[in-house]
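Protein chains in written order, with the numbering used here: chain A, 1 to 322; chain B, 323 to 644; chain C, 645 to 966; chain D, 967 to 1288; chain E, 1289 to 1610.
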Amino acid sequence: MVRTRLYRDGKVEREDLALEEIKGLLAEEGATVWIDYESPSDEDLSAMETILGLHRLAVEDALHDHQRPKLDRYRTHLFLAAYEATLEPGDGGLAVNEVKAFITRRALVTVHGPGFSADRLTERWDRETDVADHGVAFLLWGLIDLLVDGHFDVVQDLDERIEDLEDALFDDHSSDHDLQRRSFELRKALVRLRRVVLPMREVLNTVLRRDLDIADPAMQPFFQDVYDHVLRASDWTESLRDMVSSILETHVSIQGNRMNLVMKKLTSWAAIIAVPTAVTGFFGQNVPFLGFQSTLGLVLSLSLIVGGGVGLYVLFRRKEWI
Amino acid sequence: MVRTRLYRDGKVEREDLALEEIKGLLAEEGATVWIDYESPSDEDLSAMETILGLHRLAVEDALHDHQRPKLDRYRTHLFLAAYEATLEPGDGGLAVNEVKAFITRRALVTVHGPGFSADRLTERWDRETDVADHGVAFLLWGLIDLLVDGHFDVVQDLDERIEDLEDALFDDHSSDHDLQRRSFELRKALVRLRRVVLPMREVLNTVLRRDLDIADPAMQPFFQDVYDHVLRASDWTESLRDMVSSILETHVSIQGNRMNLVMKKLTSWAAIIAVPTAVTGFFGQNVPFLGFQSTLGLVLSLSLIVGGGVGLYVLFRRKEWI
Amino acid sequence: MVRTRLYRDGKVEREDLALEEIKGLLAEEGATVWIDYESPSDEDLSAMETILGLHRLAVEDALHDHQRPKLDRYRTHLFLAAYEATLEPGDGGLAVNEVKAFITRRALVTVHGPGFSADRLTERWDRETDVADHGVAFLLWGLIDLLVDGHFDVVQDLDERIEDLEDALFDDHSSDHDLQRRSFELRKALVRLRRVVLPMREVLNTVLRRDLDIADPAMQPFFQDVYDHVLRASDWTESLRDMVSSILETHVSIQGNRMNLVMKKLTSWAAIIAVPTAVTGFFGQNVPFLGFQSTLGLVLSLSLIVGGGVGLYVLFRRKEWI
Amino acid sequence: MVRTRLYRDGKVEREDLALEEIKGLLAEEGATVWIDYESPSDEDLSAMETILGLHRLAVEDALHDHQRPKLDRYRTHLFLAAYEATLEPGDGGLAVNEVKAFITRRALVTVHGPGFSADRLTERWDRETDVADHGVAFLLWGLIDLLVDGHFDVVQDLDERIEDLEDALFDDHSSDHDLQRRSFELRKALVRLRRVVLPMREVLNTVLRRDLDIADPAMQPFFQDVYDHVLRASDWTESLRDMVSSILETHVSIQGNRMNLVMKKLTSWAAIIAVPTAVTGFFGQNVPFLGFQSTLGLVLSLSLIVGGGVGLYVLFRRKEWI
Amino acid sequence: MVRTRLYRDGKVEREDLALEEIKGLLAEEGATVWIDYESPSDEDLSAMETILGLHRLAVEDALHDHQRPKLDRYRTHLFLAAYEATLEPGDGGLAVNEVKAFITRRALVTVHGPGFSADRLTERWDRETDVADHGVAFLLWGLIDLLVDGHFDVVQDLDERIEDLEDALFDDHSSDHDLQRRSFELRKALVRLRRVVLPMREVLNTVLRRDLDIADPAMQPFFQDVYDHVLRASDWTESLRDMVSSILETHVSIQGNRMNLVMKKLTSWAAIIAVPTAVTGFFGQNVPFLGFQSTLGLVLSLSLIVGGGVGLYVLFRRKEWI
């Protein structure tokens, strides 16, 4: 599926251009073209390769998945690989959608799978009209800003999940199994998020470098702003890893605690139960003990059972073992 | 709520300026203006944006919360985001108040919520009269110094709490549950504090860079002094993280210890209790054992019970199991 | 075993050259020679040393195993040491094959053991015909690309194994012993892989440095592409280490969990069993208790046993201890 | 308490100077003055501030405790903050004494509490006569060398304590509680020591920087020597942290071990005790079993008890459970 | 004990020189002198200090033990401190021998204790005749190469020990106590080795720096080769630390595993044993139960005991608890 847009003087002049006319448009001063491919075929990209003079390696990277987030410099264009991140609802894991882009002087070509919606990108652009006349730099900023904002939302959601987990940690009625599964899922999501977020620092660093000539002085603060977002997302991710570790360690300690409590209880009840066993054992002997086959024996037996049991119960109660 | 101050020659000339006259004042050589907004509306800041020529992105950052501590450079002004940190009383967690500031050549505009008290800031400024004639640099220094001093107080309080925790760690009468909760809370506070304190190093670094032209030679040592504070606070925070980890690990080890002790006790008492069970079982048999239905049996039974029980008790006592 | 190839103008002109003619060929402009030694003798390499003017230390490194992945610069040539990595099938460990290479202006000499197949290398070269006229740079790129692709495949396989391990982690029917062994093997493979992969970053960095004059502008993007691969493999390896740690820690926590469950069950059943013991002990006494030697006693005894047992069972069931 | 010394040409010319004459002496070429304040009042330091032209912030730092070890540069002088470290005897913790110093071209002013003895400093200076003619650089070197030597002694003592702890770790007769307390104390001392030692690297780095002009070529090797000491102390501290962690982890593992042994013993004895219980239970039944109320029963009972008990004992002994 | 050698034109011209003639020899172009002191007295080194013009601090460092591995630069000479490392046989720890050296333009003076054998050093030199005419650089290279090779051997031995430990880890018949002691010893050896190996990177870096003028172009690859060795040894040491940690953690997890198994067994047997206890308790009551004092009772009792016991055994067997 292909979508296109022609910008001139910060306005969307036309949409749905024919591929044939793009070459002509790219030669015109002041025209900026956006081309979006959803799940393009090899042929689609070959056509682009010819029209825009893209490097074969960049085109290959665009076709193959699982790229590292990066901004590669080729002689006549740049190639961006980045990820949109979302959290699956419930306690679901992290889902990522790969987005790639070719950046030439007058065109932005975005390539992605069906998971990423180009509508959200155009919405982002249409919301920001002040700097829309900055051509490709503006389009690129909109794209990266959208992705980084998404990362940030994920970090915030994970933070809330961790807060919930903290509450569950000290709640005696929460299930250990559930706690373990959730903290493991969180840790996994954080490990994956990190791999998506951290390299963005380098991407933004490259964009901000003056010699690359993307971010003109007026766009510079906008990219700087995104860069600040990336740094916050990175810092926060690291903090959250720390928190999940703390939760896991504290949980192990709490388990040890419960074990001790259970052991104390077990010991106490075992001792209390031992009283009637010992007493009735004694009075069950075939030897003429005091009260043998007489009511005195019954009284003695009962008193010892009740007295011993209650005595021990009180003792353990005081020690807070029961 | 708006508060203002006009400084001239290191003295507070007037307070409560009308917003209309500020524009004129900013044009006068030697005048420095402070404007403080508590929970400003969008309109308040738009007005400022026009009067001071602020960058739209900076104004947006001022309106949105959860900024990373930073000092952003725009063409005509700087934008500071930082946090005041306080510990909630009791064993409470870390509370933070976001403070933002626009720094132009002749004006400092501070923006914050109701949690941060501007009175403490004016007190800080009024206490330091020697360098009050350094205009905006002086005002900025007073602000950062106040915040960093606050971070430092928090670190010191956390240090004391950790000392208390250490005492509880080796105190047999302290509750495990309480220890776990407190150490978890401490760890959480440290993780959060770190996110507030560490980026301040970069902020101060930016201020101290000569090309930025904020800190003139006379103010340089003052900012350097704050920078030293930030470094101490950072180092100390890291040490405290280390200590809390040590406490948690030692606690797990102590729990293992207690478990072993409980197990030994349990084993010992189980063995002692087994004596009367075995003996009375024997003398309860319907077979003609030695002393069957005779006083000899009773004597034998009692001797074995008492002798065996006491013997085992002494044995375990010597092994220090009981 | 020796294999050779002569490239001219990006085409394979001949294979199976005699060693004697190589010297002559190396003097011809436009000729590029590849020589491959499988398990060469000392004499083989001495011959090479003379023909190509190799440094004695490089030749020694080529003969001795367990080199660190590196690219050494000698005055007239380079020396590369790197590893092919493969995972043994099943849950096997990491197997590595050392590959060394001398790189002169017009020749690439590869040296390896029987584990590494030179056929895969020629296949790699033959698949990429566009830049085959870049002489030694092309050959070197093909070699490094093959090795790094292999590293990447291993990382991907390990990722899948870890996914399997995660599933086993929360599966109640999986064997602890098996889980421990597999996670240990994974950790070991990751430690080893790291030692193979991480130094490749430095190797590629050296290749990409302009002063070394290997990668001409047209080859630069190709080496850059491999470098990106190396970075992804490194990042991914680190993430996997993190995941294996999480699995191990979570497993310890799950064990603690199970222990608590077993303890609770144990305690519950012990209590239930104590009921008939206590009751029949009581009714086995040789004292005239209520129902002594009468049917009333039997009824009482049975009621107490059944009632007490069922009562406790219901109680523990409600507490979810059983 | 004030102490003073006047050096000229590498010799101590006079001691106990009056504060009034110091100003004159500082103007003389070739004179170097040392002034030592133990617990000075605010007035003492104000006097110094005037005479030596010290910066107000440096003087404030000298009055306030808990400075980070640092070497601050002011326009006309330097300010040093550092710590003397000592270990309290027995298994005591780390004690630190703060020492501060102002370094001008011709004077060294040291400020400290009663814990630090100035005598040890003069001893240090008097022992080293070769470079005593290097003025303030010599005095400063003596001071830093003394402090760093102290750090080193502490590290060495801690190393010995850790060796003792290692011995206790595998000694079955050592107390767990004691081990835990000692390893915790060691860890705490190391965390604190680290905070004192690590910043000294930066201090020495600053001293050694040529632009600061303290260490003339002849003094350079002496400061370099101290720097080597600092590096050793830092490295060693890190190693010790590592060792203490190893001890703690190994201890947890040993506890697990003991637990397993205790559990095996418990299980074994429980099984052995179950034999007479089961046998005498059987022979205590009111049913006509083989040997009911006859000597045969007694013989059977005794044989089963002894045979079963001994048999199980031998079995467990072989499995090394008992 | 003193040993000497005079090199001229890459040949050993004489050995056992008199100290008196050394001064003369050092003035001759083309002569290189090696002087080796085993456990020298203060006087020995004072003599050297005078003859070679050594710096007093370097001589002091040579006399005092426990130097950090380093290469110090003095005006007229260098001072090297490094360690020979060996593993004590069996499961012994790491033994280190300190070796120090003064390096002047025409002389290498080595200083060491009785543990280091100078014979191995001369062997090393005599094996490498190609570059023996490079004077002091050659001698220095031989020394460092010998030490680093030793480090490498230790790393390889430790690697093998760790392999053995891994085998023991999953071997059910290995002793926990032994495993713990061995892994602790390994960890300790690695911590110590690290302190010896890591600083060698800096030493080699200093040697390779061009401005120091030790390694002339022909020697450069030789020192580079040693540097590669140092890097491999460092990397490997880090990997081994990682492996030992994995072993320890896996061991704790295996212990938890065993504990669970023991607990399950314990529970199962306790339940089986409870059957005869309950049954015989019932049939031992003094109430007219079914089969009271008749053969029917015996049959019932025996059937219940055997049936219940076998039933539970089969049940637990299926659950794999026994």
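Backbone N, C-alpha and C fix where the C-beta goes; we use that ideal spot for every residue, glycine too.
Just so we're clear, the structure is a prediction, and the values are computed from it rather than from any experiment.
* To do: Kindly indicate if chain D contains any beta-carbon less than 8 angstroms away from that of His1343 of chain E.
  => Within the fifth sequence, numbered from 1, the residue matching residue 1343 of chain E stands at position 55. Chain D, which has a Cβ nearer than 8 angstroms to the Cβ of His1343 of chain E, makes this yes.
* Asked: Do three or more CB pairs link the region 1215-1230 of chain D to the region 1456-1475 of chain E at distances below 8 angstroms?
  -> yes
* Stretch-stretch touch, CB-based, cutoff 8 angstroms, three pairs: the region 1041-1053 of chain D with the region 1105-1118 of chain D -> yes
* **Best match in E:Val1399, E:Val1384 and E:Gly1430 for proximity to Asp1330 of chain E [C-alpha to C-alpha]** => One-based indexing of the fifth sequence puts residue 1330 of chain E at position 42. Taking only the C-alpha atoms, the option nearest Asp1330 of chain E is E:Val1399.
* Asked: Among residues of its own chain, excluding the 5 on either side of Gly1585 of chain E, which ones have a beta-carbon nearer than 8 angstroms to its beta-carbon?
  -> On the fifth sequence, residue 1585 of chain E is found 297 positions in, with the first residue counted as 1. Within the same chain, Gly1585 of chain E has close Cβ partners Phe1571, Phe1577, Leu1578 and Gly1579.
* Span of the beta strand (DSSP E) around Arg649 of chain C -> Translated into the one-based positions of the third sequence, residue 649 of chain C becomes position 5. That run of the beta strand (DSSP E) goes Val646 to Arg652.
* Asked: Ala833 of chain C and Leu752 of chain C: beta carbons closer than 8 angstroms?
  -> Indexing the third sequence from 1 puts residue 833 of chain C at position 189. Indexing the third sequence from 1 puts residue 752 of chain C at position 108. Cβ distance not < 8 angstroms, so Ala833 of chain C and Leu752 of chain C don't count as in contact.
* To do: Provide the residue span of the alpha helix (DSSP H) that contains Thr1494 of chain E, from first to last.
  => Within the fifth sequence, the letter at position 206 stands for residue 1494 of chain E. Note, Thr1494 of chain E: alpha helix (DSSP H), Asp1464 to Leu1496.
* To do: Take every Cβ of the region 1152-1166 of chain D, pair it with every Cβ of the region 1035-1046 of chain D, and state whether three or more of those distances are shorter than 8 angstroms.
  => yes
* Asked: Going by other Cβ atoms of all chains shown within 10 Å of its Cβ, with 16 needed for buried, is Glu420 of chain B buried or exposed?
  -> Indexing the second sequence from 1 puts residue 420 of chain B at position 98. Buried, because 16 or more other Cβ atoms sit within 10 Å of the Cβ of Glu420 of chain B.
* Asked: Can you find a C-beta in chain D that's less than 8 angstroms from the C-beta of Phe545 of chain B?
  -> Residue numbering aside, residue 545 of chain B sits at position 223 when the second sequence is read from its first letter. No - not a single Cβ of chain D is within 8 angstroms of the one on Phe545 of chain B.
* Asked: Beta-carbon separation of Asp789 of chain C and Val874 of chain C under 8 angstroms?
  -> Taking the third sequence and counting its residues from 1, the one referred to as residue 789 of chain C is at position 145. Taking the third sequence and counting its residues from 1, the one referred to as residue 874 of chain C is at position 230. Not closer than 8 angstroms, so no.
* Asked: Taking the continuous beta strand (DSSP E) assigned at Glu728 of chain C, which residues delimit it?
  -> As a position in the third sequence, residue 728 of chain C is number 84, starting the count at 1. Run containing Glu728 of chain C: Leu722 to Leu731, per the beta strand (DSSP E) assignment.
* Taking Asp1179 of chain D as the reference, give the member of D:Thr1233, D:Leu1106 and D:Arg980 with the closest Cα. => Along the fourth sequence, read from residue 1 onward, the residue named residue 1179 of chain D stands at position 213. Ranking the options by Cα distance to Asp1179 of chain D, first place goes to D:Leu1106.
* Asked: How would you call Asn608 of chain B, buried or exposed, if buried means at least 16 neighbouring beta carbons within 10 angstroms?
  -> Taking the first residue of the second sequence as 1, we reach residue 608 of chain B at position 286. Buried, since its Cβ has 16 or more Cβ neighbours within 10 Å.
* First and last residue of the beta strand (DSSP E) that includes Val753 of chain C? -> Residue numbering aside, residue 753 of chain C sits at position 109 when the third sequence is read from its first letter. Looking at the DSSP string, the run of the beta strand (DSSP E) that includes Val753 of chain C is Ala751 to His756.
* Ser1322 of chain E by DSSP, collapsed to three states: which one? -> Taking the fifth sequence and counting its residues from 1, one reaches residue 1322 of chain E at position 34. In the sequence as displayed, the identity of residue 1322 of chain E is Trp instead of Ser. Residue state, collapsed to three classes: strand.
* **Own chain partners of Ile51 of chain A with C-beta closer than 7 angstroms, once the 5 adjacent residues on each side are dropped** => As a first step, residue 51 of chain A is located in the first sequence; it is residue number 51 there, counting from the start. Around Ile51 of chain A: Ile22 and Lys23.
* Three-state class that DSSP yields for Leu94 of chain A in the structure shown -> Here residue 94 of chain A refers to the residue found at position 94 when the first sequence is read from its first residue. Residue state, collapsed to three classes: strand.
* Could you have a look at Phe424 of chain B and say whether DSSP puts it in helix, strand or coil? => Position 102 of the second sequence, counted from the start, is the residue given in the question as residue 424 of chain B. The answer is strand: DSSP assigns Phe424 of chain B an E or B state.
* **Cβ of Val1587 of chain E within 8 angstroms of any chain C Cβ** => Sequence index remark: in the fifth sequence, residue 1587 of chain E carries index 299 (1-based). With 8 angstroms as the cut-off, Val1587 of chain E does not count as an interface residue toward chain C.
* To do: Name the one or two DSSP bridge partners that Glu893 of chain C has.
  => Translated into positions along the third sequence, residue 893 of chain C becomes position 249. Glu893 of chain C is not bridged to any residue.
* Asked: In chain order, what residues of the same chain have a beta carbon less than 7 angstroms from the beta carbon of Pro436 of chain B, not counting five sequence neighbours either side?
  -> Here residue 436 of chain B refers to the residue found at position 114 when the second sequence is read from its first residue. So the qualifying residues of the chain are Glu360 and Ser361.
* **Nearest candidate by alpha-carbon position, reference Arg504 of chain B, set B:Phe492, B:Arg483, B:Asp494 and B:Arg514** => Position 182 of the second sequence holds residue 504 of chain B. Closest by alpha carbon: B:Arg483.
* Asked: Within the 8 angstroms Cβ cut-off, does Val574 of chain B reach chain A?
  -> Taking the second sequence and counting its residues from 1, one reaches residue 574 of chain B at position 252. Yes, Val574 of chain B lies at the interface with chain A (some Cβ there is under 8 angstroms from its Cβ).
* Listing by chain order, which chain C residues have their CB less than 7 angstroms from the CB of Phe1458 of chain E? -> Numbered from 1 along the fifth sequence, position 170 holds the residue referred to as residue 1458 of chain E. Within 7 angstroms Cβ-Cβ: Arg825.
* For a contact meaning CB atoms closer than 7 angstroms, what does Thr1243 of chain D contact in chain B? -> The residue you call residue 1243 of chain D lines up with position 277 of the fourth sequence. What Thr1243 of chain D touches in chain B: Thr599, Ala600 and Gly603.
* Span separating the alpha-carbon of Val597 of chain B from that of Gly631 of chain B -> Translated into the one-based positions of the second sequence, residue 597 of chain B becomes position 275. Translated into the one-based positions of the second sequence, residue 631 of chain B becomes position 309. Val597 of chain B and Gly631 of chain B: Cα-Cα distance of roughly 6 angstroms.
* Quick one: measure Cβ to Cβ for Ser890 of chain C and Phe79 of chain A, integer angstroms, because I've assumed they're closer than 8 angstroms. => Within the third sequence, numbered from 1, the residue matching residue 890 of chain C stands at position 246. Within the first sequence, numbered from 1, the residue matching residue 79 of chain A stands at position 79. Rounded, the Cβ-Cβ distance is 33 angstroms, inconsistent with contact.
* Start-to-end residues for the beta strand (DSSP E) that takes in Arg717 of chain C -> Within the third sequence, residue 717 of chain C is the residue found at index 73, counting from 1. Element bounds for Arg717 of chain C: Lys714 to Arg717.
* Asked: If contact means a Cβ-Cβ distance below 9 angstroms, which residues of the region 1374-1396 of chain E contact chain D?
  -> none
* So what does Lys333 of chain B bridge to, in DSSP terms? -> Looking up residue 333 of chain B in the second sequence gives position 11. Note: Lys333 of chain B sits in a beta bridge opposite B:Arg330.
* Interface partners of Trp591 of chain B on chain A, CB under 9 angstroms -> For the purposes of this step, residue 591 of chain B is taken as residue 269 along the second sequence, with counting starting at 1. Near Trp591 of chain B (Cβ distances below 9 angstroms), the residues of chain A are Thr267, Ala270, Ala271 and Ala274.
* Buried or exposed: where does His817 of chain C fall if 16 or more other Cβ atoms within 10 Å of its Cβ makes it buried? -> On the third sequence, residue 817 of chain C is found 173 positions in, with the first residue counted as 1. Exposed is the call here.
* **Residues of the region 1098-1129 of chain D with Cβ closer than 9 angstroms to any Cβ of chain E, in chain order** => Gln1122
* Asked: Of the residues that make up the region 709-724 of chain C, which ones have a beta carbon closer than 7 angstroms to any beta carbon in chain E?
  -> Arg712, Lys714, Asp716 and Tyr718
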